[in-house]
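Numbering (the working numbering), first residue to last: 2 to 204. Built from N, CA and C at the ideal position, the CB exists for glycine as well. Written below as structure tokens is the structure these notes are about.
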């Protein structure tokens with residue numbers, strides 16, 4: 002695997018003038034992408050294409066595959082419903098890992114760059130509203146919960162990439178854990194200034 006990764010990076014260096022601009026464009030392509038291929042339960046996003054083949058990478062840019070695109074189904078990340086007032090955001094599930102009691106999700110937040118920038122996004126608290134996953138269970142306030150998104154090592158690493166310090170248009174990544182018996186209803190960008198009474202509503 003190590004030798005394969007080194008070979009692919011060497012190949013990438015040859016087919017691209019891997020200057021600062023080339024590197025930035027490649028990183029932006031992977032981090033911003035919503036379309037992917039799946040190989041052995043891992044998601045790979047288009048990095049760059051040559052004449053006959055393309056190189057795909059994981060979001061974390063630590064695993065690469067050289068493929069013919071026509072041999073794979075191109076899929077799109079699952080989009081999550083945002084609050085009706087949040088037209089500036091589109092939120093996607095990059096990855097989900099289930100433990101014995103929790104669903105652990107890495108989320109990609111694409112935003113309207115005319116109204117927002119990455120620095121502003123990083124200071125927003127995103128709240129995940131959930132409800133019981135049992136379709137036969139009566140939907141009531143007792144079955145609905147709220148969880149705060151937070152940073153983990155993966156999201157911090159992804160957010161550390163900078164394309165243009167003055168106008169960073171890369172997506173923002175965050176992380177959430179919810180119980181296995183819950184499903185996401187919607188995601189809300191929360192501002193204490195707009196609704197201070199709901200400050201302690203979320204766990």
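Taking the CB atoms as reference points, tell me whether residue i and residue j lie closer together than 7 Å.
i, j, result
"residue 172", "residue 33", "yes"
"residue 104", "residue 95", "no"
Please classify residue i: is it buried, with 16 or more other beta-carbons within 10 angstroms of its beta-carbon, or exposed?
i, result
"residue 101", "exposed"
"residue 161", "exposed"
"residue 129", "buried"
"residue 115", "exposed"
"residue 192", "exposed"
"residue 183", "buried"
Can you tell which of the options has the C-alpha that lies nearest to the C-alpha of residue i?
i, options, result
"residue 82", "192, 202 and 188", "188"
"residue 69", "61, 59, 55 and 76", "55"
"residue 124", "107, 150 and 115", "150"
With DSSP collapsed to three states, give me the class of residue i.
i, result
"residue 31", "helix"
"residue 88", "coil"
"residue 150", "coil"
"residue 122", "helix"
"residue 99", "strand"
"residue 223", "This structure cannot settle anything about residue 223, because the visible part of the chain is limited to 2 through 204."
"residue 111", "strand"
"residue 159", "helix"
"residue 24", "helix"
Give the straight-line distance between the Cα atoms of residue i and residue j, rounded to the nearest whole angstrom.
i, j, result
"residue 157", "residue 185", "23 Å"
"residue 31", "residue 48", "6 Å"
"residue 204", "residue 147", "6 Å"
"residue 53", "residue 73", "14 Å"
"residue 119", "residue 111", "10 Å"
"residue 98", "residue 80", "17 Å"
"residue 58", "residue 29", "12 Å"
Just checking residue i against the ligand COA - is the residue's beta carbon closer than 6 Å to any of the ligand's heavy atoms?
i, result
"residue 46", "As for the ligand COA, it is missing from this structure, which has no ligand bound."
Using a C-beta cutoff of 7 Å, does residue i count as contacting chain B?
i, result
"residue 32", "Going by chain labels, chain B is absent from the structure shown, which holds only one protein chain."
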